[in-house]
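Down below is the structure, laid out as structure tokens.
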Amino acid sequence: MTKRQRTLLIRVGAIVLVFLFAVFLFHIGRQHTVLIDNNTVTRDGVELQALKLVEVQVGKKGEVLEMTPRIRDKAVVVGQRHTVKVVYTDASWNEHVHELSFRIPLMQNMVLISLPALMKNPEDVSFWLENFEGLPTAQSDAPQEEDVVFDELAGFDSF
Amino acid sequence: MNNELGAPLLEMQHISKDYFGNEVLSDINFSLRRGEILGLVGENGAGKSTLMKILFGMDEIHQTGGYGGSIFIEGDEVRFTSPIDALASGIGMVHQEFSLLPDSTATENILLNREPLKHTLASELFGERLNTLNRESMEKIAQGAIDKLGVPLDGKMLVSEMPVGHKQFTEIARELSKEATTEMEEGLRLLVLDEPTAVLSEQEAESLLKAMRTLSSEGIAIIFISHRLQEIIDVCDTIMVMRDGRIIKTVPSEGVNVTDIAHWMVGREVNAAKRNTRTFNYEDSKVVLSIRNLWVDMPGETVRNVNLDVHDGEILGIGGMAGQGKLGIPNGVMGLFPAGGQIVFQGEELPLNQPRSLLNAGVAFVSEDRRGVGLLLDESLEWNITFTAMQIQDKFLKRYLNGLVSWRDQKAIEEETMKYVKQLEIRCVSTRQNARELSGGNQQKVCLAKAFAVTPKLLFVSEPTRGIDIGAKSLVLDALRRYNQESGTTIVMISSELEELRSVCDRIAIVNDGKVFGILPATSDSAKFGLMMVGQEVQEV
Amino acid sequence: MNAALMLTKIRQMVRSFGLPRIIIALFLFSLFILAPFFNVNVATSLSDTLNRFGMNAVLVLAMVPMIHSGCGLNFGLPLGIISGLLGATISLQVDVAGPASFWLAILFATPFALILGWGYGQLLNRVKGGEMMIATYVGFSSVAFMCIMWLLLPFNNPKMVWGFAGSGLRTTISTEGYYLHVLNDFLKIRIGNHFIFPTGMILFFTVLAFAMWAFLHTKTGTAMTAVGSNPVFARASGIDVDRIRTLSVVLSTWLGAIGILVYQQSFGFIQLYMGPFYMALPAVSAILIGGASVNKASILNVIIGTFLFQGILTMTPSVMNAMIQTDMSEVIRIVASNGMILYALTRKTEAAR
Amino acid sequence: MRELSTKQKILRFMANNTVPLLFVVIIAFGVPLSGYSPTYLAGEVISRISRNTFLIVSLLIPILAGMGLNFGMTLGAMAGQIGLIFTTDWGIVGIPGILLAMIVSTPLSILLGWWCGKILNMAKGREMVTSYIIGFFMNGIYQLVVLYGMGPLIKIISPNLLLPRGYGIRNTVNLIGIRKSLDNFLMIRIGGVPIPVGTFLVIALLSVFILWFKKTKLGQDMRAVGQDMEVARAAGIRVEYTRIMSIIISTVLAGYGMIIYLHNIGTLNTYNSHMQIGMFSVAALLVGGATVASAKIRNVFLGVVLFHLMFIVSPMAGKRLIGQAQLGEYFRVFVSYGVITTSLVLYEVRKKRERGMSGLALAQDQEVTS
């Protein structure tokens, strides 16, 4: 192997390495929103009732959310693999604790966890986790045209 | 001098060179043994530098059609295509101008772009230039070269703080160090020193000569180009004298004296017909310009303490080797470079450093730097010829409103320009043509016309024939002579070509080491001028 | 053979005129041709262009003396503008209504222009070779310095100062009631519904341009050109190079002062504070577009350049907008003007600098 | 060389450090006038050191190569901003977001730096004014790309980033995802002053890199080119290539610097953030005692501290003094430009003075001999 070939190899290698690192960063740095939903849902024709009172925690260090029926809350997470811990005490004072892990598709901005579905069938992730395509708040506002500001003298304040 | 057997280190056979038909070197033959010091002397333009350029395979030589003859190194014919080739065969050169970085140390300069490196990881990725410098090794190599030279040079000293001599040593050490850092077969074998002592003090020159002897004893041959003949005799084994592109003499230095060399350098057959036959009795005419204690800070042409009297109506020549200061005199007097001292023109002392005062008094100057000083390259001939006269003497102007407005008189300008175009045979398309588009000879004529247009009482003409073809040359010289005769204008002409001066001038002053070394009538023996140029007193014959 | 000859000839022409200039000229030309197809009124556009030409031409003319004397492009134009602003504000303070205020403003601006220009010239003489960069920053610092001054100077005409504070000048001051449109309306000619020829303003520029042309034909003007063409030659010919350069800087500064007053009378407002900050750049690119280089400029360059530059500024918003429903004029302005300056800076000028 | 007396030494020190000394004086008056507490000032200054140092360091390499102050660092800033726009659009947050923005900006910076270096090689002797105009010119191209290209030509996923009309990035991009993430990494507090150790580590690493770089062959070549292009060329150094390399390195570092700067601020002003960055960085460097011809790491740090102290205190000082905060704001703008002007003038004047020295020596010489 000549020196030139060797250098070329190292350079190509380095570029590939940086690229792989970038992909890795993409995976670990991607931010997703997990919506947690405690509404009555229908699965396979069966109606699943909303849960009375349930504690949900997304991720190990996430905030513990207490949810009553017909509540939808959200947790912002970074990365793809996450756990969700659900603590539910049913009418007969039996405590059900599920600690489940799930994976969010890389390019998915939002996913929705349906708590009643999760209670029903915790083993099947696809049963309670679904992709959620956003139609958040912006829709209602009329698109307001924004003037683009070119201020060549800007930046005097923030420096 | 240990190489008695085998081929000589360098041999040149039948070397010739012409620049587009103009022969500058013909049939050069010489050889050089290991450790031999060859002194190469000759006037400016004798062909020394061209010969060295051929040896080094400079681009300039290839671009102008190559050279004839052959060069042998240790018996093998070589034909270098670039200085790098020459370097690889162990030939190094130190040029007259320093090529040093001012804010770097001697060591850094010695090893410039040949630094030994320490391998770093980054270099694998980003290329060799990201290896770090190996300072220790650098110092060792530089010190090795300095030691070989045998001079007290501090490797850590910044070049800007060095005395001139040490800069010179740094340059030489750089050549010596090349054996350690390049892929030379066996290190430096031949060193060319171009005027190394010109800028040195006596002591510095002495230690340089000593260093040369040291190198020679180590088997390094040296070609020593110098105008200081005594040094040549002192240090060289052989002396080679060149004149007009030929080798005149190659002699061992023993028993040669300075007068002999000077004779060989300048003693040529003089074409009597071309000579100025006029005998001008300058003692009878009054002194028109007197220069006292003049110093001029002109880079490369420093003038120190010059005293000179110019008589009314004469043509005074100023000659001397390049770099000795002859060009500094007119440039300093005319205020183009910082100067001090005293000048009295027509009995009146004029302030220095003010071109205006000299021009007002009627002194004009044709500069040797045509393109830089002499011309407005991007303006018309009309402007070039009439500008100075317009500004100084208010010629070619129309006055309006009681002289409040002075308007350019286009018609007068055209007439004046036309007059000189005819008189000096300036070849141009029209008088509106830009000066840039003219040939060198015609540009020179424009410069003369500019000076004539102010009808000067005294005219400095500096290197009037440099870089122009023969036809234009004689036209320019004739014009000067005629102008002197017809209008009685005193002319001071500065030229590197002694014969040119002798053909036009009445008296010739020779400048050496920034001072006027002596003045002789133009009819004097050329050998006397030759001696004066190299700083030797002329013994009265 | 003939075609090849033609081609080389065209190539030569392109080279001597400069490709960027040709592109800009063709671009403007095509805008005018396209305009009617997109329901843009050519007469209005022409009228606007002419108006803006008049507003800016004197500012562009202010480039000429300094280019001639070899001081390079006058990036320090804001200094001249400041002199003009001082003249304008003092004139308003004196509170003479009507056209007289314009002439008063010129009168008041002149001493400032002379003094500031002289000092600026002295400075530039000490930094030969680095004029343009230093000029830029002299302009910037003087604008910033005047920002402080506008706050502190004891003006008190209620039309100029902040109402609530009673002191400190406003950022924009209307010239209404003073010299609004004094030149624009002088002998103006209305042709049809959409075309107005601002005779007074064009006339004013013509007078100044003629004066400049005449000056360059005098002895001193000739010396100035020579200094710019080859300062060493000029020195060897007995010219006091520094004096001529200073004179050119004073002239440029004064023209800058007049230029901004002409601008204001048409624009209607005096813009203080950071207003003059980037005013040099359009003027610089305009003269370069007109065919000037870093050390050569003529009155013709001023006229062509201002017309082309202002033409593009007027035409691009309307035509481009109509064409692609996008207002790209800002981008085109930035790229064209700065590209032109870059082009000029990277040309090899053989002058000894 | 003669030994200098103490007085001469002090005078020379003052002459060589005019600008920093002047700033010390301004601050000595300004700080008490402003009435800010030392803790507040310390916090502010530390925050600004972490914010701006990286940007300013990017100016060092072109100075080493003799190309003066690289006002073209704006190009790097633009590349950095484009990197941030992309990572924000992709929703990458935290330190990975910063790193990814840097990776995205790198090829852009290299391309822009290469182009800028090419142009500057065509304008030798007036690099500074040319690099300054290059910044303006490139701003036009940047607008073309970001305001018109992004959306239809360059895919932008998140509609929140785009203007309501469907193409072009909004005036401000919220960088909440990466805001202060590097600063808060390893944040410690000393006496109530928060110190972003993470960012400081990055800056330390950069400083070490610069020091190391000066020891490499490339660094040495740049020094050579900076001192005398012709000598370097004669020695076989590829002058043009070396100069281009210096601009590329500067541009890439400026890009990273801009990302760190904006990550601290937390919002990206799409069309304005980069405009004045070059000017302020240059001013800060000069305040630290650097000149057009030489600049060192210590000038950067001294400069950041002095410049920003002045910047922080002047509005308040102006308010206390005249009753107008606006005055102080104008004052600091004036001082920034004034400092650059002074430094440029001093540089040119010194260059000229050195040329005049040899004549004096000659005159003295003659006086001695005659």
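These protein sequences, in sequence, are chains A, B, C and D.
Each residue of the first sequence is one higher than the one before, counting from 569 in the numbering used here.
Each residue of the second sequence is one higher than the one before, counting from 18 in the numbering used here.
Each residue of the third sequence is one higher than the one before, counting from 1293 in the numbering used here.
Each residue of the fourth sequence is one higher than the one before, counting from -19 in the numbering used here.
Beta carbons: idealized from backbone N, C-alpha and C, even for Gly.
Computed from a prediction, not measured in an experiment: that's the story for all the values here.
- Beta-bridge pairing by DSSP links B/K545 to no other residue.
- Not flagged as an interface residue toward chain D: B/P180, since no C-beta distance is shorter than 8 angstroms.
- Take the alpha-carbon of D/M58 and the one of D/P139: they are about 22 angstroms apart.
- Unbroken alpha helix (DSSP H) runs of no fewer than 4 residues, entirely contained in the segment 1308 to 1344 of chain C, are found at 1311 to 1326, following chain order.
- The beta-carbon of C/G1603 is placed no less than 8 angstroms from the nearest beta-carbon of chain B.
- The beta carbon of C/I1579 does not come within 8 angstroms of any beta carbon belonging to chain B, so the residue lies off that interface.
- One alpha carbon belongs to C/I1494, the other to C/L1580, and they sit about 21 angstroms apart.
- At a cut-off of 8 angstroms between C-beta atoms, B/G56 does not count as an interface residue with respect to chain C.
- Segment contact: the segment 548 to 555 of chain B against the segment 241 to 260 of chain B, three or more CB-CB distances shorter than 8 angstroms; contact assigned.
- Within chain B, the residues whose beta carbon sits less than 7 angstroms from that of A/A582 are L142, listed in sequence order.
- For D/W192, there are no C-beta contacts with chain A under 8 angstroms, since the nearest C-beta of that chain is about 19 angstroms from it.
- Counting only residues of its own chain and dropping the five nearest sequence neighbours on each side, B/H136 has a CB closer than 7 angstroms to the CB of N148.
- Cβ proximity to chain C below 8 angstroms picks out I113, I114, F116, F117, N119, G120, I121, Q123, L124, L127, Y128 from the segment 113 to 128 of chain D.
- The C-beta distance from C/Y1412 to C/T1545 rounds to 6 angstroms, short enough to fall under 8 angstroms.
- Interface residue (Cβ-Cβ distance to chain C less than 8 angstroms): B/I409 is classified as such.
- When C-alpha distances from C/W1442 are compared across C/Q1563, C/F1432, C/Y1635, the shortest belongs to C/Q1563.
- Put simply, the segment 1295 to 1313 of chain C does not touch the segment 293 to 306 of chain B. Fewer than three CB pairs are less than 8 angstroms apart.
- Within the segment 232 to 267 of chain D, the runs of alpha helix (DSSP H) that reach at least 4 residues and sit entirely inside it are, in chain order, 257 to 267.
- The beta carbon of A/Q599 falls within 8 angstroms of a beta carbon belonging to chain D, placing the residue at that interface.
- Under the criterion of beta carbons closer than 8 angstroms, A/N607 and A/M635 do not qualify as touching, at roughly 10 angstroms.
- Nearest in C-alpha terms to B/R453, of all of B/D395, B/G52, B/L205, B/T214, is B/D395.
- At the C-beta level, D/A263 and D/S316 come within 8 angstroms of one another.
- Under a criterion of Cβ atoms nearer than 7 angstroms, the residues of chain D adjacent to B/D120 are, in order, Q207.
- Residue state for A/T601 is assigned as strand, using DSSP reduced to three classes.
- Taking a Cβ-Cβ cut-off of 7 angstroms, the neighbours of D/L198 in chain B comprise R146, L147, given in sequence order.
- C/L1299 sits in a helix when the DSSP states are folded into three classes.
- Measuring C-alpha to C-alpha distances from D/L155 to each of D/K194, D/G74, D/G172, D/G105 identifies D/G74 as the nearest.
- Residue-level contact by beta carbon fails for A/R572 and chain B, as no gap is shorter than 8 angstroms.
- Rounded to whole angstroms, D/L282 and D/V173 show a C-alpha spacing of 19 angstroms.
- When C/V1524, C/S1629, C/F1437 are compared, the shortest CA-CA separation from C/S1577 is found for C/S1629.
- By the criterion of at least three beta-carbon pairs nearer than 8 angstroms, the segment 1514 to 1531 of chain C is not in contact with the segment 1333 to 1341 of chain C.
- Chain-ordered listing is empty here: chain B has no CB closer than 7 angstroms to the CB of D/K331, the nearest sitting near 13 angstroms.
- Proximity of chain A to D/G63 at the Cβ level (cut-off 9 angstroms) is not reached, the minimal Cβ distance being about 11 angstroms.
- The segment 256 to 273 of chain D makes no contact with the segment 156 to 173 of chain D: fewer than 3 CB pairs, one atom from each, lie closer than 8 angstroms.
- For A/H664, the uninterrupted beta strand (DSSP E) run begins and ends at 663 to 671, by DSSP.
- The beta-carbon distance between D/S274 and D/A45, rounded to whole angstroms, is 12 angstroms. This is too long to meet the 8 angstroms contact definition.
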